[in-house]
Amino acid sequence: MITRYAMFEGSLHEGHTEAFRRDVLAEMLPVWQRFPGALAIRVTFAEGLDEGAPEYPLILAIDWPDMATVEAFLAHPIRKEGRAATEGVLVRHFTGRIHHHVTTAHSFAPA
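Going by this note's numbering, the first residue of the sequence shown is number 1442, and it counts up by one from there.
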């Protein structure tokens, strides 16, 4: 399985935490849920971090069956919808950058 992460590195505007989270779930998530071929979508909001660590108020993880499906998604027109929804929320609440990481995911049960 392939997991593609969107790392939202930066900071939320003062007092915008709850509005940011609400808008991510109301405006961005519905588009992400329509991404063709996605197996699972995890929206994670930061609750804390180590001293000196960079801030990631949001990390999005989307699971895909294989790289061919990721590549097809990256070329799909819905990606523009996702970008527009993301930009609409970020301009109101966030200062920073987004970068993506593609990983091969392995899941294990605890011992």
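Think of the CB as a built atom: it goes at the ideal place given N, C-alpha and C, for glycine as much as any other residue.
The three-state secondary structure of Leu1466, taken from DSSP, is helix. The three-state secondary structure of Gly1529, taken from DSSP, is helix.
Just measuring C-alpha positions, the residue of Ala1481, His1542, Phe1549 sitting nearest Pro1506 is Ala1481. Here Met1508 has Ile1443 as same chain residues with Cβ atoms under 7 Å from its own Cβ, once five neighbours each way along the sequence are excluded. Apart from sequence neighbours up to five positions away, the residues of its chain that approach His1542 with a beta-carbon distance below 8 Å are Arg1445, Tyr1446, Met1448, ordered along the chain. About 5 Å separates the Cβ atoms of Ala1479 and Ile1503, confirming a contact at the 8 Å cut-off.
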